[in-house]
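J.: Reading the sequence shown from the start, the letters are residues 55 to 427 in this note's numbering. Can you keep this structure in mind? I'll have questions shortly.
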Amino acid sequence: MFFHVVLTTDCNLRCRYCYGEALEDSGSGFPDFEIDYSLPRRISYDVGLLDSFCRRDPDCVLIFYGGEPLLCVDEIRRIMDSVKAKYFLIQTNGTLLHRLGAGYVNRLHTIMVSVDGDEALTDFYRGRGTFRRVVDNLKLVRQEGFNGEIIARMTVMEQTDIYKHVRWLLENKEFAFSSVHWQLNAGFWNDFERRFFKEWSERNYNPGIRRLVRFWVDNMEQNGVVLRLYPFLGIAQSFLKREKASLLRCGAGWINYTIQTDGTIIPCPAMWGIKDYYLGHISDADPLRLKKVFVGEPCTKCDVYNICGGRCLYANVTKRWSEQAYGLVCKTVRNLIDAVRTEIPRIRRLIEEGRISLEDFEFMKYNGCEIIP
Ligand code: SF4
Ligand code: SF4
Numbered sequence: 055m056f057f058h059v060v061l062t063t064d065c066n067l068r069c070r071y072c073y074g075e076a077l078e079d080s081g082s083g084f085p086d087f088e089i090d091y092s093l094p095r096r097i098s099y100d101v102g103l104l105d106s107f108c109r110r111d112p113d114c115v116l117i118f119y120g121g122e123p124l125l126c127v128d129e130i131r132r133i134m135d136s137v138k139a140k141y142f143l144i145q146t147n148g149t150l151l152h153r154l155g156a157g158y159v160n161r162l163h164t165i166m167v168s169v170d171g172d173e174a175l176t177d178f179y180r181g182r183g184t185f186r187r188v189v190d191n192l193k194l195v196r197q198e199g200f201n202g203e204i205i206a207r208m209t210v211m212e213q214t215d216i217y218k219h220v221r222w223l224l225e226n227k228e229f230a231f232s233s234v235h236w237q238l239n240a241g242f243w244n245d246f247e248r249r250f251f252k253e254w255s256e257r258n259y260n261p262g263i264r265r266l267v268r269f270w271v272d273n274m275e276q277n278g279v280v281l282r283l284y285p286f287l288g289i290a291q292s293f294l295k296r297e298k299a300s301l302l303r304c305g306a307g308w309i310n311y312t313i314q315t316d317g318t319i320i321p322c323p324a325m326w327g328i329k330d331y332y333l334g335h336i337s338d339a340d341p342l343r344l345k346k347v348f349v350g351e352p353c354t355k356c357d358v359y360n361i362c363g364g365r366c367l368y369a370n371v372t373k374r375w376s377e378q379a380y381g382l383v384c385k386t387v388r389n390l391i392d393a394v395r396t397e398i399p400r401i402r403r404l405i406e407e408g409r410i411s412l413e414d415f416e417f418m419k420y421n422g423c424e425i426i427p
């Protein structure tokens with residue numbers, strides 16, 4: 055099982071799609087749910103409890119999460135020193151990575167770092183100077199011996215040219231990433247009316263994805279390399295292995311859960327404080343027998359549910375975008391699936407010719423990459 059461990063709700067940045075959206079969304083609560091407004095801002099339970107909880111699952115993987123988890127360096131060290139987990143991963147904005155120390159950083163399996171594209175775009179979304187601090191830290195951790203996976207985790211919205219910025223992340227001379235994942239900021243806030251999502255997704259994002267998939271397979275053909283673009287990897291692997299159906303690909307609610315700062319278990323970090331989805335507490339829950347929560351309609355009636363898996367449990371249950379607006383998100387999913395499916399014959403041929411192999415599409419599932427953006 056995978057568990058996001060929320061160490062704090064505080065963050066040292068004020069990104070547009072997080073802090074900015076929260077400000078503009080204030081007042082538009084969740085009338086259909088009972089919300090817990092009394093959660094501690096920092097981890098408040100005994101780390102020993104987390105250890106006993108994890109020990110009940112020999113494959114327990116912990117993902118440090120926030121807010122910004124590196125505001126809690128002492129707590130991270132204490133957990134890494136005293137909790138028996140198979141792997142430790144972190145999802146961070148990267149600006150404080152230098153604080154943890156090589157002894158701990160080098161024990162991490164994966165660093166997922168929030169970076170949205172080139173310097174100008176990242177700083178536009180995340181604040182001036184952010185990109186530079188992140189890249190300096192990533193160079194430092196590499197120099198100091200971290201040899202695990204570093205995944206650039208982009209948040210994507212209307213200012214993003216997906217084709218241009220993914221290529222930039224892969225190819226720039228400053229710090230070329232070998233792994234990239236992205237998620238659309240879509241369906242998470244009551245913001246559809248103040249966005250221009252329809253125009254952007256149809257004119258820029260969807261065509262950009264088709265172009266990017268072609269580039270991805272061209273690169274396999276020309277260089278024999280399967281670039282680790284997570285949304286493509288996940289979908290292509292399902293097609294190549296002829297999987298019949300996929301559950302929610304981020305794993306939320308069935309294999310990837312979240313532990314709040316008070317030790318309560320919820321399906322995913324976005325469902326913070328929604329009491330209707332409280333699934334137990336680490337003091338007495340069995341990690342291998344947690345209640346499972348699945349997406350409902352419209353996903354369960356959708357003709358691409360078997361390959362999409364439902365995209366997002368949080369969006370599915372909170373329905374912050376109307377059916378019509380969310381339909382545009384589903385259009386992006388269909389476009390992505392179709393773009394990858396179109397290239398499967400070419401990929402199969404490259405595998406048959408021995409240019410690439412099926413193993414090149416392997417990745418650690420449920421590591422925090424949602425696969426369906
Ligand atoms: S395409 Fe949309 S409706 Fe269909 S399964 Fe995915 S998220 Fe659900
Ligand atoms: S995709 Fe949705 S359900 Fe999955 S982790 Fe992200 S917010 Fe949660």
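Here a beta-carbon is modelled for each residue, glycine too, at the ideal position from N, C-alpha and C.
For K345, which residues of its own chain have a beta-carbon under 8 Å away from its beta-carbon, when the five flanking residues on both sides are left out?
T.: L333, G334.
J.: Can you say whether A230 is buried or exposed, counting buried as having 16 or more other CB atoms within 10 angstroms of its CB?
T.: Classification for A230: exposed.
J.: Given this structure, state the Cα-to-Cα distance separating A339 from L223, to the nearest angstrom.
T.: Distance between the alpha carbons of A339 and L223 is about 41 Å.
J.: For F87, which residues of its own chain have a beta-carbon under 6 Å away from its beta-carbon, when the five flanking residues on both sides are left out?
T.: Result list for F87: I328, D330, in chain order.
J.: Hey, F142 and L162: beta-carbon distance below 8 Å or not?
T.: It is a contact, given that the beta carbons lie within the stated cut-off.
J.: Please list, in chain order, all residues of the same chain as R70 whose beta carbon is under 7 Å from its beta carbon, the five residues on each side excluded.
T.: Excluding residues within five positions, the ones whose Cβ falls inside 7 Å are Y179.
J.: Please identify the residue among N226, N421, I336 whose C-alpha is closest to the C-alpha of G305.
T.: Of N226, N421, I336, the residue nearest in Cα terms is N421.
J.: So if DSSP puts A306 in a beta bridge, which residue, or which two residues, is it bridged to?
T.: Paired residues: N310.
J.: Look at P427 and L238 and say whether their C-beta atoms are less than 8 Å apart.
T.: Cβ distance < 8 Å, so P427 and L238 count as in contact.
J.: From which residue to which residue does the beta strand (DSSP E) around R207 run?
T.: Run containing R207: 203 to 210, per the beta strand (DSSP E) assignment.
J.: Measuring only the C-alpha atoms, how far is R96 from L61?
T.: Cα to Cα, R96 sits roughly 6 Å from L61.
J.: Give, in chain order, every unbroken run of the alpha helix (DSSP H) that is at least 4 residues long and sits entirely within the stretch 138 to 169.
T.: The qualifying runs are 156 to 159.
J.: From C423 to F286, what does the alpha carbon distance come to, in whole angstroms?
T.: About 12 Å.
J.: Could you say which of R153, L302, V195 lies nearest to E203 if we only look at CA atoms?
T.: It is V195.
J.: Going residue by residue through the stretch 242 to 293, where are the continuous alpha helix (DSSP H) segments of at least 4 residues, counting only ones entirely within it?
T.: Counting whole runs of 4 or more residues, the stretch 242 to 293 contains the alpha helix (DSSP H) stretches 251 to 254, 260 to 277.
J.: Do you know offhand how far L283's Cα is from T184's?
T.: So the two alpha carbons sit approximately 23 Å from each other.
J.: Under 8 Å, do T214 and S168 count as touching if we go by C-beta distance?
T.: No, the pair does not count as a contact, with Cβ atoms beyond the cut-off.
J.: Going by CA-CA distance only, name the one from V267, G102, E78, D64 that's closest to G317.
T.: The shortest Cα separation from G317 among V267, G102, E78, D64 belongs to G102.
J.: Report whether the distance from the Cβ of Y359 to the nearest heavy atom of ligand 1 is below 7 Å.
T.: It does: the Cβ of Y359 is within 7 Å (strictly closer) of some heavy atom of ligand 1.
J.: Measuring only the C-alpha atoms, how far is F251 from P261?
T.: Each residue's alpha carbon lies about 14 Å from the other.
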